[in-house]
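Its first residue numbered 1, the sequence shown is counted upward by one per residue in full-length UniProt numbering. Data block below; observations after.
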Amino acid sequence: VSNTQLSALRIRLGWPTLLLQKNNGDKVGTRVEYAIDLSVDGGPYETVVNGAVDDKTTSLYERSHRVNLPKASTGWQLRVRRITPDSTSVNIVDTMRVVAVTEIIDAKLRYVNTALLYVEFDAKQFPNGIPQVVCNPKGRIIRVPDTYDPETRTYSGTWEGVFKWAWTDNPAWIYYDIILNERFGLGQRIDATQIDKWELYRIAQYCDQLVPDGKGGSGTEPRFRCNVYIQDRNDAWTVLRDLAGIFRGMTYWG
Numbered sequence: 001v002s003n004t005q006l007s008a009l010r011i012r013l014g015w016p017t018l019l020l021q022k023n024n025g026d027k028v029g030t031r032v033e034y035a036i037d038l039s040v041d042g043g044p045y046e047t048v049v050n051g052a053v054d055d056k057t058t059s060l061y062e063r064s065h066r067v068n069l070p071k072a073s074t075g076w077q078l079r080v081r082r083i084t085p086d087s088t089s090v091n092i093v094d095t096m097r098v099v100a101v102t103e104i105i106d107a108k109l110r111y112v113n114t115a116l117l118y119v120e121f122d123a124k125q126f127p128n129g130i131p132q133v134v135c136n137p138k139g140r141i142i143r144v145p146d147t148y149d150p151e152t153r154t155y156s157g158t159w160e161g162v163f164k165w166a167w168t169d170n171p172a173w174i175y176y177d178i179i180l181n182e183r184f185g186l187g188q189r190i191d192a193t194q195i196d197k198w199e200l201y202r203i204a205q206y207c208d209q210l211v212p213d214g215k216g217g218s219g220t221e222p223r224f225r226c227n228v229y230i231q232d233r234n235d236a237w238t239v240l241r242d243l244a245g246i247f248r249g250m251t252y253w254g
């Protein structure tokens, strides 16, 4: 391998059949041990993978290994060794193959202001096509008072107007975040000095107070929560009015 820009190689190994037939006719699995060795710039080989497959299959079974490549001047040499001797018995079928070698370059990509979900699964588990993925994300990390615990919805000590960053579904602090956000809110026109954060603090406490959950038992829930997905552009006044409506509030400029 001479491309010194590579970050790694992915070696895909395959076994078309793994089978041992006993003298009584029973068919069971068999074991094959193998190793992958790497040489850098023509130097000595070093073992980077010690593996084994111990199973029974009558259809192609594949397994892949990622081999990270250290820095090299001229390139690398890779070899796959089968440690278990090739069978000479007609009762053992354990042929091993190198199915593919894939070159990998790790790109340092950034997806600004984007939440990414990575899911990896065996396609054989979903023979009818790509499955539908449903998730329940919490959402943005926003400003909340440093005396506030969003998990327990409790406030400790005297708040001196200092904020920290945390997740919350308290609509008062989401309202505050929308106003000050410079990317999708009003942060380029309004700053924190123009907002009555002390009154919002009282409103937020009101939102977090526990009330009966309406299910007929002794269960409780916070008075107001905000779990919304804003995906359409709208007038700032309309968005703020709707958010304030969650906690029965009104937005005004004065």
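Here a beta-carbon is modelled for each residue, glycine too, at the ideal position from N, C-alpha and C.
Start-to-end residues for the alpha helix (DSSP H) that takes in residue 203
Sequence index remark: in the sequence shown, residue 203 carries index 203 (1-based). Per DSSP, residue 203 belongs to the alpha helix (DSSP H) from 197-208.
What did DSSP end up calling residue 172 once you bin it into helix, strand or coil?
In the sequence shown, the residue the question calls residue 172 occupies position 172. Residue 172: helix per DSSP, three-state reduction.
Can you say whether residue 207 is buried or exposed, counting buried as having 16 or more other CB atoms within 10 angstroms of its CB?
On the sequence shown, position 207 is the one that residue 207 refers to. Residue 207 is buried by the Cβ-count criterion.
Taking C-beta to C-beta, are residue 200 and residue 172 nearer than 8 Å?
Here residue 200 refers to the residue found at position 200 of the sequence shown. Here residue 172 refers to the residue found at position 172 of the sequence shown. For residue 200 and residue 172, yes; Cβs fall inside 8 Å.
Helix, strand or coil at residue 60 [DSSP, three-state]
For the purposes of this step, residue 60 is taken as residue 60 along the sequence shown, with counting starting at 1. DSSP places residue 60 in coil when its eight states are reduced to three.
Considering residue 49, what are the terminal residues of the beta strand (DSSP E) in which it resides?
Within the sequence shown, the letter at position 49 stands for residue 49. Residues 46-55.
May I have the straight-line CA-CA distance separating residue 188 from residue 222, to the nearest angstrom?
Within the sequence shown, the letter at position 188 stands for residue 188. Within the sequence shown, the letter at position 222 stands for residue 222. Residue 188 and residue 222: Cα-Cα distance of roughly 32 Å.
What is the rounded straight-line gap between the Cα of residue 126 and the Cα of residue 118?
Position 126 of the sequence shown, counted from the first residue, corresponds to residue 126. Position 118 of the sequence shown, counted from the first residue, corresponds to residue 118. Distance between the alpha carbons of residue 126 and residue 118 is about 17 Å.
For residue 234 and residue 154, the rounded distance between their alpha carbons:
As a working note, residue 154 is residue 154 in the sequence shown. As a working note, residue 234 is residue 234 in the sequence shown. If you take the alpha carbons of residue 154 and residue 234, they lie about 33 Å apart.
Just how far apart, CA to CA, sit residue 89 and residue 50?
In the sequence shown, residue 89 corresponds to position 89, counting from 1. In the sequence shown, residue 50 corresponds to position 50, counting from 1. The straight-line gap from Cα to Cα measures roughly 25 Å.
Ordered list of alpha helix (DSSP H) runs contained in the stretch 117-198, each at least 4 residues
171-180
Where DSSP assigns a beta bridge to residue 68, which residues make up the other side?
Position 68 of the sequence shown holds residue 68. According to DSSP, which records beta bridges pairwise, residue 68 is partnered with 8.
Might you give, ordered along the chain, the residues of its own chain that have their beta carbon closer than 6 Å to the beta carbon of residue 148, omitting 5 neighbours on each side?
If you number the sequence shown from 1, residue 148 lands on position 148. Taken in chain order, the residues that qualify are 155.
Mind checking which residues open and close the alpha helix (DSSP H) that includes residue 243?
For the purposes of this step, residue 243 is taken as the residue at position 243 of the sequence shown. From DSSP, the alpha helix (DSSP H) with residue 243 extends over 236-246.
If you follow the beta strand (DSSP E) that residue 18 is in, where does it begin and where does it stop?
Walking along the sequence shown from the start, residue 18 turns up at place 18. Counting along the chain, residue 18 falls outside any beta strand (DSSP E), and DSSP gives it neither H nor E.
Within 10 angstroms of its Cβ, does residue 176 collect 16 or more other Cβ (buried), or is it exposed?
Numbered from its first residue, the sequence shown carries residue 176 at position 176. Buried: at least 16 other Cβ atoms inside 10 Å.
Contact defined as beta carbons within less than 8 Å: I believe residue 81 pairs with residue 35. What is the distance between those atoms, to the nearest angstrom?
As a first step, residue 81 is located in the sequence shown; it is residue number 81 there, counting from the start. As a first step, residue 35 is located in the sequence shown; it is residue number 35 there, counting from the start. Yes, they are in contact, since the Cβ atoms of residue 81 and residue 35 sit about 5 Å apart, within 8 Å.
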